[in-house]
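*Asks:*
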């Protein structure tokens, strides 16, 4: 676990352990809850912080979790989760699957994306960007980490990982279904008066498919650069282009803004990264001015970045030898034989169908013992995510 020295998001004062389930501001004595090892540091949630602390102090741990699981970000437009569903999820969390968790949390179409993110082309673009510039970092921090898809991939390769997100429920799912106990997870809002993790001891900072949501992008980017320090580097993938209509909410940016925000960066077309993975070659960066047509930008920046991308062959995009792989869960039995892709929603199909790497039909089997290596008879099928490494309780 990465030992973050946390600060109060309200005052900037140091936070120290108060009880097993709380932190205390060393100056004001204001307390913040810690649930399942996840500090909850959202500002503007005074009543929720107070009620959560009261429940934890009373020994009502599960009720405190349920209260935090209801909390959402400002972009959420769906209905609130059913309290009875949340009760069942918290009660049965050690036996429930990730699919159960997503359903009971009431995440709807967002849940579709989370469940199938391991095979979607934007996730693969982010992995490709990391692999192209990988320099064996020891500690990685991912801002807006969601349920920990990228954290898991890096953790599987021996990297110490930490993640932050504004939605506690996502971090809680990451803890129980995706990354386990060794990842440091923190819940806070980028718009807080004070960044709670300044000077974090990490050498790679990652932000995937989230930077476009931020209001004050320059201020957040400066905080992320401080987290990376003088020797670290930054990877930000799938930043929506304001000149192209897209499927997501948020505040997209233009090519000019990318150039202004990241003067030291290598900039990529997100789709170019996914193609480079499939074609087993190095991705080609371009000038932001030449990328006005793309759906999304991806950038790598910072003092510790590699100067040139490498070919995408056997790094983060590749499952470890001996991994038990499963048939991409988007496939369902086809009456005509084999398996055919069944899209989870019309929206998912509209966004990804034309860009996915896997074929629309597969002969199976449902599981595959992966021996690894480019000479494997299944190498191409694994690279294209016809088969995938999923969490044990997916």
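In the working numbering, the protein residues as written are -5 to 388. Ideal placement from N, C-alpha and C gives every residue a C-beta, glycine not left out.
Run through DSSP, which three-state label would residue 198 get?
*Replies:* Taken through DSSP and simplified to helix, strand or coil, residue 198 comes out as strand.
*Asks:* Would you call the region 228 to 236 and the region 148 to 168 in contact, with 3 or more CB pairs under 8 angstroms?
*Replies:* no
*Asks:* If you check the beta carbons only, do residue 319 and residue 335 fall under 8 angstroms apart?
*Replies:* no
*Asks:* Can you tell me the Cβ-Cβ gap for residue 96 and residue 59, rounded? I've got them flagged as a contact below 8 angstroms.
*Replies:* Not a contact, Cβ separation roughly 16 angstroms.
*Asks:* Please confirm whether residue 33 and residue 17 have their CB atoms less than 8 angstroms apart.
*Replies:* Here residue 33 is near residue 17, since their CB atoms are less than 8 angstroms apart.
*Asks:* Assuming residue 274 contacts residue 307 under a Cβ cut-off of 8 angstroms, what Cβ separation, rounded to an integer in Å, is found between them?
*Replies:* 6 angstroms
*Asks:* Can the beta-carbon of residue 133 be found closer than 8 angstroms to that of residue 197?
*Replies:* Remark: C-beta atoms of residue 133 and residue 197 approach each other more closely than 8 angstroms.
*Asks:* Given residue 153, which residues of its chain have a CB within under 6 angstroms of its CB, disregarding the five upstream and five downstream residues?
*Replies:* 134
*Asks:* State whether the region 166 to 178 contacts the region 334 to 354, with contact taken as three or more CB pairs (one from each stretch) at a distance under 8 angstroms.
*Replies:* no
*Asks:* On the three-state DSSP scale, how would you describe residue 66?
*Replies:* Residue state for residue 66 is assigned as coil, using DSSP reduced to three classes.
*Asks:* Go to residue 81, then tell me how far its alpha helix (DSSP H) extends in each direction, as first and last residue.
*Replies:* 77 to 85
*Asks:* Compute the Euclidean distance between the alpha carbons of residue 287 and residue 237, then round it to the nearest angstrom.
*Replies:* One C-alpha to the other measures close to 7 angstroms.
*Asks:* For residue 157, which beta-bridge partners are listed by DSSP?
*Replies:* 136, 179
*Asks:* Taking its Cβ as the centre, do 16 or more other Cβ atoms sit within 10 Å of residue 218, making it buried, or is it exposed?
*Replies:* buried
*Asks:* What residue range is occupied by the uninterrupted beta strand (DSSP E) comprising residue 290?
*Replies:* Start and end: 290 to 295.
*Asks:* Decide if residue 314 is buried, meaning its Cβ has at least 16 other Cβ atoms within 10 Å, or exposed.
*Replies:* exposed
*Asks:* Helix, strand or coil, according to DSSP, for residue 11 in the structure here?
*Replies:* Correct three-state label for residue 11: strand.
*Asks:* Unbroken beta strand (DSSP E) runs of length 3 or more, entirely within the region 237 to 290: which are they?
*Replies:* List check, beta strand (DSSP E) in window: 260 to 263.
*Asks:* Restricting to runs no shorter than 3 residues, where is the beta strand (DSSP E) found entirely within the region 343 to 373?
*Replies:* 361 to 363, all fully within the region 343 to 373.
*Asks:* Got a sec, what are the start and stop residues for the alpha helix (DSSP H) residue 45 sits in?
*Replies:* 40 to 51
*Asks:* Ignore the nearest five residues each way along the sequence and tell me which others in residue 124's own chain have a CB closer than 6 angstroms to its CB.
*Replies:* 229, 310
*Asks:* Apart from the five residues on each side of it in sequence, which residues of its chain come closer than 6 angstroms, Cβ to Cβ, to residue 349?
*Replies:* Taken in chain order, the residues that qualify are 115.
*Asks:* In three-state DSSP terms, what is residue 59?
*Replies:* helix
*Asks:* I'd like to know if the region 173 to 187 and the region 34 to 41 are in contact, where contact means that at least 3 CB-CB pairs between them fall below 8 angstroms.
*Replies:* Contact between the region 173 to 187 and the region 34 to 41 is present, because at least three Cβ pairs lie under 8 angstroms.
*Asks:* Measure the beta-carbon distance from residue -2 to residue 252 and round it to whole angstroms, keeping in mind my assumption that it falls under 8 angstroms.
*Replies:* With 8 angstroms as the limit, residue -2 and residue 252 do not qualify as a contact, their Cβ atoms being about 29 angstroms apart.
*Asks:* Hey, would you say residue 195 sits closer than 8 angstroms to residue 3, going by beta carbons?
*Replies:* no
*Asks:* Alpha carbon to alpha carbon, how far is residue 144 from residue 21? Give it in angstroms, no decimals.
*Replies:* 36 angstroms
*Asks:* If I measure Cβ to Cβ from residue 109 and keep anything under 8 angstroms in the same chain, skipping five residues before and after, which residues do I get?
*Replies:* Setting aside the 5 residues that flank it on each side, residue 109 is surrounded in the same chain by 92, 93, 96, 323, 338, 388, each with a C-beta closer than 8 angstroms to its C-beta; the list follows chain order.
*Asks:* When the distance is taken between beta carbons, is residue 199 closer than 8 angstroms to residue 137?
*Replies:* yes
*Asks:* Locate the alpha helix (DSSP H) running through residue 119, then write down its first and last residues.
*Replies:* 115 to 126
*Asks:* Which of the three DSSP states, helix, strand or coil, is assigned to residue 312?
*Replies:* coil
*Asks:* Could you give the DSSP three-state label for residue 218: helix, strand or coil?
*Replies:* helix
*Asks:* Could you tell me whether the Cβ atoms of residue 261 and residue 277 are closer together than 8 angstroms?
*Replies:* no
*Asks:* Using only CA atoms, which one of 266, 297, 270 lies nearest to residue 291?
*Replies:* 266
*Asks:* Pick from 122, 65, 68, 103: whose alpha carbon is nearest that of residue 377?
*Replies:* Nearest neighbour of residue 377 by Cα position, chosen from 122, 65, 68, 103, turns out to be 122.
*Asks:* Going by DSSP in three states, residue 377 sits in which element: helix, strand or coil?
*Replies:* Here residue 377 carries a helix assignment [DSSP, helix/strand/coil].
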